[in-house]
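Enquirer:
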Ligand SMILES: Nc1ncnc2c1ncn2[C@@H]1O[C@H](COP(=O)(O)OP(=O)(O)OP(=O)(O)O)[C@@H](O)[C@H]1O
Ligand SMILES: [Mg+2]
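Numbering (our numbering), first residue to last: 2 to 257.
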């Protein structure tokens with residue numbers, strides 16, 4: 002098994018005349034917290050959309066866990082274990098918090114998790130196991146007390162937590178987080194960062210887009226910098242902080 006969970010070659014996407022993504026060669030090592038940073042419009046979300054099958058690529062190849070997933074439908078990619086969140090948080094407003102998590106688990110028919118549940122001899126056992134798992138996850142993200150509230154009643158930060166619950170119930174191999182801290186207060190940011198840390202400790206690889214640079218510097222094992230669709234630097238936090246191209250393109254001189 003390769004040490005890389007994701008391997009990308011010549012990945013390209015244009016929107017009309019605009020080169021949104023143009024990446025020659027990029028690998029992500031497994032079991033790391035990796036951050037993808039860069040200016041607004043650098044192509045970070047488009048990059049997520051491409052590798053998770055939400056946007057069709059113009060050309061290139063993406064291997065996930067040794068399997069070529071280029072042009073695979075998004076639901077197939079998530080069933081393989083690459084699961085994402087969205088920059089504009091996606092939850093089902095008309096479902097309760099609890100139903101949101103249950104639905105996320107049940108949308109994964111054939112998935113490893115549900116398979117193992119379905120093997121339970123009695124279906125009610127499977128249901129109980131799923132309910133227990135959901136309760137455990139809602140406790141973990143500190144939303145258990147709101148499990149019967151409609152998701153539309155949650156604050157923006159709580160919706161971020163619910164989205165994390167919805168992705169983690171799918172037992173991903175890699176989690177792609179698009180700005181998990183955006184619009185979140187400092188205390189909740191700390192909570193979310195420690196959740197991300199605990200996911201990583203469970204062996205889930207993390208790929209995170211985030212503009213909160215101090216958080217990025219604190220938690221990342223490795224950082225990739227994107228500008229105008231291409232990788233302009235990668236390295237550990239210290240290397241990125243002192244990289245002049247990165248300072249010019251994104252961080253600015255006042256960064257400490
Ligand atoms: N569906 C689309 N149609 C046309 N242009 C698009 C589309 N999606 C993205 N773009 C353009 O592609 C470029 C990259 O956008 P993208 O959303 O990937 O940037 P980003 O790095 O995620 O930025 P931010 O940090 O602001 O979220 C931008 O110039 C954007 O306007
Ligand atoms: Mg974005």
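We treat Cβ as the ideally placed atom computed from N, Cα and C, and that holds for glycine.
Predicted model only: the values in this text are computed from it and were never measured.
#1: Let's test the definition: count the other Cβ atoms within 10 Å of the Cβ of residue 17 and tell me whether it reaches 16, buried, or not, exposed.
#2: Tell me, to the nearest whole angstrom, how far the beta carbon of residue 5 is from that of residue 28; I am working on the premise that it is less than 8 Å.
#3: Does any heavy atom of ligand 2 sit closer than 7 Å to the C-beta of residue 88?
#4: Using a threshold of 7 Å, is the CB atom of residue 41 nearer than that to any non-hydrogen atom of ligand 1?
#5: Quick one: is residue 12 near chain B, going by C-beta distance under 8 Å?
#6: As an exercise, report each continuous beta strand (DSSP E) stretch of at least 3 residues that is fully enclosed by the stretch 168 to 256, in chain order.
#7: Buried or exposed for residue 249, going by 16 or more other Cβ atoms inside 10 Å?
#8: Out of 104, 87 and 179, point me to the one whose CA is closest to residue 324's CA.
#9: Please classify residue 153 as buried or exposed, where buried requires at least 16 other C-beta atoms within 10 Å of its C-beta.
#10: What's the C-alpha gap between residue 77 and residue 31?
#11: What I want to know is whether the C-beta of residue 45 ends up closer than 7 Å to one or more non-hydrogen atoms of ligand 1.
Expert: Reading from the atomic positions:
#1: For this step, residue 17 is matched to residue 16 along the chain shown. Exposed.
#2: Looking up residue 5 in the chain shown gives position 4. Looking up residue 28 in the chain shown gives position 27. That belief holds up - the Cβ atoms of residue 5 and residue 28 are roughly 4 Å apart, short of 8 Å.
#3: Your numbering for residue 88 matches position 87 in the chain shown. Yes, ligand 2 has a heavy atom inside 7 Å of this Cβ.
#4: Here residue 41 corresponds to residue number 40 of the chain shown, with the count starting at 1. Flag set: Cβ of residue 41 near ligand 1.
#5: Note that chain B does not occur in the displayed structure, where there is just one protein chain.
#6: 175 to 179, 206 to 210, 223 to 228 and 231 to 236
#7: As a working note, residue 249 is residue 248 in the chain shown. It is exposed - the Cβ of residue 249 has fewer than 16 other Cβ atoms within 10 Å.
#8: Residue 324 lies beyond the residue range present for the chain, which begins at 2 and ends at 257; the question has no answer from this structure.
#9: Counted from its first residue, the chain shown places residue 153 at position 152. Exposed, because fewer than 16 other Cβ atoms sit within 10 Å of the Cβ of residue 153.
#10: The count along the chain shown starts at 1 and reaches residue 77 at position 76. The count along the chain shown starts at 1 and reaches residue 31 at position 30. Cα to Cα, residue 77 sits roughly 20 Å from residue 31.
#11: Locating residue 45 in the chain shown gives position 44, where the first residue counts as 1. Yes, Cβ of residue 45 sits closer than 7 Å to a heavy atom of ligand 1.
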